[in-house]
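Q: Chains as they are written, first to last, in our numbering: chain A, 21 to 475; chain B, 21 to 475. C-beta atoms are modelled at their ideal positions from N, C-alpha and C, and glycine is treated no differently.
Printed below as a string of C-alpha cells:
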C-alpha cells in the first residue's frame, strides 16, 4: 500500500483526486497498511500528500494514533493541515502536542487563527503556551520545553524514585532528574542511574553533580546548541535571571536547530535568501523572491567591471587577444575568493575561529594565496602563449599572481567585515565575492597588460 | 588562570615556552584553576596549547581527572598528545576511553603506532577495538559503541531493574534497555521509565515496544543519522545480518557526524577538498593542497571561455564596447547557476529531494529562471545603453535572459548528474558551475551580439 500511495503522490501531488481515492480505501486495508508502519512513517507519508488528502488520512486514523502522527509532522505541514479541521478539532490536535511543539506551531499560524486556537485550549495549556510565546523569537525560551522532572535536595532516594515513577510522562527526558529548592531555584542534577544505584534512605543532595551547566531563558538559542555540544550533555536546564528553573533544551531540539542554521548558511553562501520550506514545497514565486534581490544587486556590481574595462578601450582595440583571458583572470580571482570565503564562513559558524584569530589567519591566507597564485600564474602561461603569444602570456601570468592573492584576501576579510557591521558573515556569498573579485581582477589585468605590452 | 592561559596561547601558540611556564605553576594554584572548570573546559584549554604544553598539563591533572579530560579532546588532539607519552601511559589513556572513541583514535594514529598501542591494551579491550576497526571506514560499525544494556524477555521487571542497576556503567545510555534472546538476537526495547513504572513481577516481554527500528552494522553511517532523525529516537540498535545485536548508535554520535558532513559539503561547494582540522590548526601546506586541485582544473575550463571569445575576435574588433558587458553576462549566468546548485545540493544532503522529484524540479526551475532572466535582462538594459548604446543594450538584455536560464539549469542539473556518476553532488561547486556557465555565457553573448549588431 505504501508503494501505491508513493506512486500516486508523484503523479498528482496537488490534485484533490487522491483525497477522493483515500476515502474509498476500506477500513481493513487501511489498518493493514498502518500495522506495518511506525507513526513517523505515517507522518512522512502524509507529508507527501496534498493538504486535503492529508487531512482525510489523518481523520481516518485510529483515535489514539492520530495525535501521535500529527506530532511527527513538521511544523509547516501541521499548520497547513490544521486549516482543514474545525476549530474544536484544531484545539484537540494542538493540545496533544508537547508544549514546545505547540508553541512552535501556533507561532507558524497566521495571526487570525492563532487567537481562535489559543482560546479553545485548556486553561493550563493556554497559560504555558502563551508564556513560551512571550520570549523573543531567537531565544532559548522559544526552544525549551517546560516539561521536566525536578525533585528536592532533602528528599530520600526512595521518595525521588517514586516521584520519577509517578511523574515520568511529564518529563520529556528521564535520564536526568533536576534538583530545585522550594522556590524553584536550580541546585543541580542527578543522573537517573545514580538514583537507581543509591541506597534508598540516602538524601538526593548527596548525589547532586557539581554545579550544573545552565542557560538563561533569554539567551540566543545558538548558545544553547554550543553548550550542549561543548559539555556533551543530553539535556540543558533553562533558568531565569533569578536562577529559577523554567524548562529544558534537549540534544534533539538543538540538532534540528543546527541543521536549520546550516541550511540558512548554505543558502546565504549561494546568495539566496533563507527558505524555510523544502525545495519541493517552495513555490516558484517564493524561490523567485529569494533569489532576485542579490542577482539585481550583482548586476550593478558587475556593471562596475564593465566600466573598468571601458577605461582600457584603447588597449583592447590595439590587442584584442587580451580579452580572451578576461574570463580566466577574473574567474580565478573569484574562485580563490570563493574558497577563502567559504572556509572562513564555515569556521566562524562552527566556532572554530574567533575574533582574536583574525590577523594570524590573514597572514596564513597570504602565504597560501601567494603559492596558489604562483602555480596558477605558471599554469596559465601555456594557455597564454597558445591563444595570445609571449607578451600577452606574461601579462596574464603576472595578473594571475596578483588577482589570486587579491581575491583570496577579499574572501577571507569580507566575512569578518560583515560580522563587524552586524550582518551574518555568510552574506559574503560566493557570488558576491566573485563579483567583487571581478572588478579588482579587471583593473589589475588591464593595467598590468597595458604596462607589459607598453600600450 | 584561564585568562592567563588564553592570552598566552594567542601570543605563542606553537612555542615550547608555555610548557616550561606550566611546570612552574604550583599545585595549589593548579587545583584552584581546576576547581572552577568542568573536564570539558579543561579539554578545551588543552586544545589551545601546543602538544608539549598540553601533555605537561595533562600529566599534572589529578589521576582521576586526566582520563576524563583526555576523553573530551577531539580525536586529532588526542592523537597528537599521545605522541608525548610513553607506551604504557598511551595504553592507559586509550584504555579509559569508550570503545568507539578508542577505535576512532587508533584509526587516526599513524600505522606504526597503532600496533604498539593495541598490543598494550587489555586483551578484552583489544578484542573489542579490533572488531570495531574491522568494519568499513564509513560504516555504522565504525560509529557504534558496543556498550549497551540488554536483558532477556523472560526476566521479571525486578530482575531487569537489578541488572540495569549493577551494569549501568556499561551502557552508554540508560534511557532505553534492549531485549535480546539467548543467542543475542534483538527482540525489541523497553523504556527505562516503563521498567520503573511496571509491577516488579511482570515479564519484560510484556513491556517490549513494537518491532524496533535497527540498522545493519555494514550500512552507511549516514543511514543511521537518517533513521535517528526520522524516528526521533535517542539510540539506534545495530545488528548483523542474522539480527544479532552488536552495539548502539546514539543521537550524539550522529550529531557530530551530521556537522562533519555539512562542513565537507560547504568545503566542496567552495571547491575545497575536505579538511578535517579546524581552519586554525590546518597548516598552510594542507590548505594549499586542498585548494590548488580545483583551481588548476578551473584554469583549463576558463581557457575554453577564452577560446570561445577568440572565435568572435572580429566582432570585438568592430565593437569594443561589447567587451564591457562580458563580466556582467557571464557573471549573471554564474550567479544564477550558483544559487540553483546550492539549493539543490543542500536539498539532496538533507533528504528533502529524491530522484523521483527531478523532472518536477527542473520544470519549476525553468519557470523561476525565466522570471529571473526577464528581470535581469530589463535591469541590464539601462547599463547597456549607458556604456554601449541601444543596439549593444538589446544584445546584452537578450543574452541575459538566455544565460540566466542556461546557468540556472546547469546549476540544477549538474548535482544530479554527478550523483548519477557516483560523485558527491556537492562537487557541483559554486566555482565549477560559475566556470561552466562562463563558457556557455560567452558563446551565447557573442553569437546574440553578432546577430543583433549584424557583425
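Considering only DSSP beta bridges, list what residue 198 of chain A is partnered with.
A: Paired residue(s): A/170 and A/209.
Q: Listed from N- to C-terminal order along the chain, which residues in the region 96-109 of chain A have their beta-carbon within a distance smaller than 9 Å of any beta-carbon of chain B?
A: Answer set for the region 96-109 of chain A: empty.
Q: For chain A, check one thing: does any of its Cβ atoms lie closer than 8 Å to the Cβ of residue 466 of chain B?
A: No, because no Cβ of chain A sits closer than 8 Å to the Cβ of residue 466 of chain B.
Q: Provide the residue span of the alpha helix (DSSP H) that contains residue 329 of chain A, from first to last.
A: From DSSP, the alpha helix (DSSP H) with residue 329 of chain A extends over 304-330.
Q: So which residues of chain A does residue 372 of chain B contact, with C-beta pairs closer than 8 Å?
A: The answer, in chain order, is 298, 299 and 300.
Q: Exposed or buried, which one is residue 23 of chain B when buried takes at least 16 other CB atoms within 10 Å?
A: Below a pLDDT of 50, predicted positions are generally treated as unreliable, and residue 23 of chain B, at 42, falls in that range; the measurement from the model is reported next regardless. Its Cβ having fewer than 16 others within 10 Å, residue 23 of chain B is exposed.
Q: What does residue 459 of chain A pair with, by DSSP beta-bridge criteria?
A: None; residue 459 of chain A has no bridge partner.
Q: Along the chain, where does the alpha helix (DSSP H) that runs through residue 438 of chain A open and close?
A: First-last of the alpha helix (DSSP H) with residue 438 of chain A: 410-440.
Q: Can the beta-carbon of residue 398 of chain B be found less than 8 Å from the beta-carbon of residue 469 of chain B?
A: Cβ atoms of residue 398 of chain B and residue 469 of chain B: not closer than 8 Å.
Q: Going by the DSSP bridge assignment, what does residue 223 of chain B pair with across the sheet?
A: Bridge partners of residue 223 of chain B: B/176.
Q: Measuring only between beta-carbons, confirm whether residue 84 of chain B sits less than 8 Å from chain A.
A: It does not; no Cβ of chain A falls within 8 Å.
Q: Out of curiosity, what's the CA-to-CA distance linking residue 408 of chain B and residue 341 of chain B?
A: Answer to the nearest angstrom: the Cα atoms are 6 Å apart.
Q: At a CB distance below 9 Å, what residues from the region 303-315 of chain B approach chain A? Give them in sequence order.
A: Going along the region 303-315 of chain B in chain order, one finds 303, 304, 305, 307, 308, 310, 311, 312, 314 and 315 with a Cβ nearer than 9 Å to chain A.
Q: In three-state DSSP terms, what is residue 364 of chain B?
A: Helix at residue 364 of chain B.
Q: In the DSSP assignment, the alpha helix (DSSP H) including residue 76 of chain B goes from what residue to what residue?
A: Where residue 76 of chain B is concerned, the enclosing alpha helix (DSSP H) stretches over 71-80.
Q: At a Cβ threshold of 8 Å, is residue 333 of chain A touching chain B?
A: Taking Cβ atoms only, chain B reaches closer than 8 Å to residue 333 of chain A, which makes this a yes.
Q: Give the secondary structure of residue 115 of chain B by DSSP, where H, G and I count as helix, E and B as strand, and everything else as coil.
A: Correct three-state label for residue 115 of chain B: helix.
Q: With which residues is residue 267 of chain B paired in a DSSP beta bridge?
A: Per DSSP, B/258.
Q: For residue 101 of chain B, does the count of other Cβ atoms within 10 angstroms reach 16, so buried, or fall short, so exposed?
A: Buried, because 16 or more other Cβ atoms sit within 10 Å of the Cβ of residue 101 of chain B.
Q: Do you know offhand how far residue 94 of chain B's Cα is from residue 369 of chain B's?
A: Roughly 25 Å between the two C-alpha positions.
Q: Under 8 Å, Cβ to Cβ, is there at least one residue of chain D near residue 138 of chain B?
A: Here the protein chains are A and B, and chain D is not one of them.
Q: Does residue 336 of chain B come within less than 8 Å of chain A when only Cβ atoms are used?
A: Residue 336 of chain B counts as touching chain A.
Q: Does any residue of chain B have a CB that is nearer than 8 Å to the CB of residue 60 of chain A?
A: Output row for residue 60 of chain A: interface = yes.
Q: In terms of alpha-carbon separation, which member of A/353, A/171 and A/445 lies closest to residue 464 of chain A?
A: It is A/353 whose Cα lies nearest to the Cα of residue 464 of chain A.
Q: So that I know if they touch, is there some Cβ in chain A lying closer than 8 Å to that of residue 355 of chain B?
A: It does: the Cβ of residue 355 of chain B has a partner Cβ on chain A nearer than 8 Å.
Q: Can you name the start and end residues of the alpha helix (DSSP H) that residue 99 of chain A belongs to?
A: That run of the alpha helix (DSSP H) goes 95-102.
Q: Taking only beta-carbon positions, decide if residue 90 of chain A is within less than 8 Å of chain B.
A: Answer no: the Cβ-Cβ gap between residue 90 of chain A and chain B never drops below 8 Å.
Q: Can you find at least 3 beta carbon pairs, one from the region 362-380 of chain A and one from the region 431-449 of chain A, that sit closer than 8 Å?
A: Yes: the two stretches touch, three or more of their Cβ pairs being nearer than 8 Å.
Q: Thinking just about the alpha-carbon of each residue, which of A/105, A/142, A/112 and A/158 is nearest to the one in residue 127 of chain A?
A: Cα-wise, what sits closest to residue 127 of chain A is A/158.
Q: Assuming residue 163 of chain A and residue 197 of chain A form a contact by the criterion Cβ under 8 Å, report the distance between their Cβ atoms to the nearest whole angstrom.
A: Actually they do not touch by this definition, with Cβ atoms about 21 Å apart.
Q: Could you compute how far the alpha carbon of residue 422 of chain A sits from the alpha carbon of residue 343 of chain A?
A: Straight-line Cα distance between these residues: approximately 18 Å.
Q: Could one say the Cβ of residue 346 of chain A lies closer than 8 Å to chain B's Cβ atoms, at least one of them?
A: Closer than 8 Å: yes.
Q: What does residue 391 of chain A touch in chain B if you count any residue whose Cβ is under 7 Å from its own?
A: Chain B residues near residue 391 of chain A: 308.
Q: What does residue 159 of chain A pair with, by DSSP beta-bridge criteria?
A: Looking at the DSSP assignment, residue 159 of chain A forms a beta bridge with A/240.
Q: Give the residues of chain B in contact with residue 74 of chain A, contact being defined as C-beta atoms less than 7 Å apart.
A: Residues of chain B passing the Cβ test: none, with the nearest at roughly 18 Å.
Q: I want to know whether the region 168-185 of chain B touches the region 212-227 of chain B - three or more CB-CB distances under 8 Å.
A: Yes, since at least three Cβ pairs between the region 168-185 of chain B and the region 212-227 of chain B fall closer than 8 Å, the two stretches touch.
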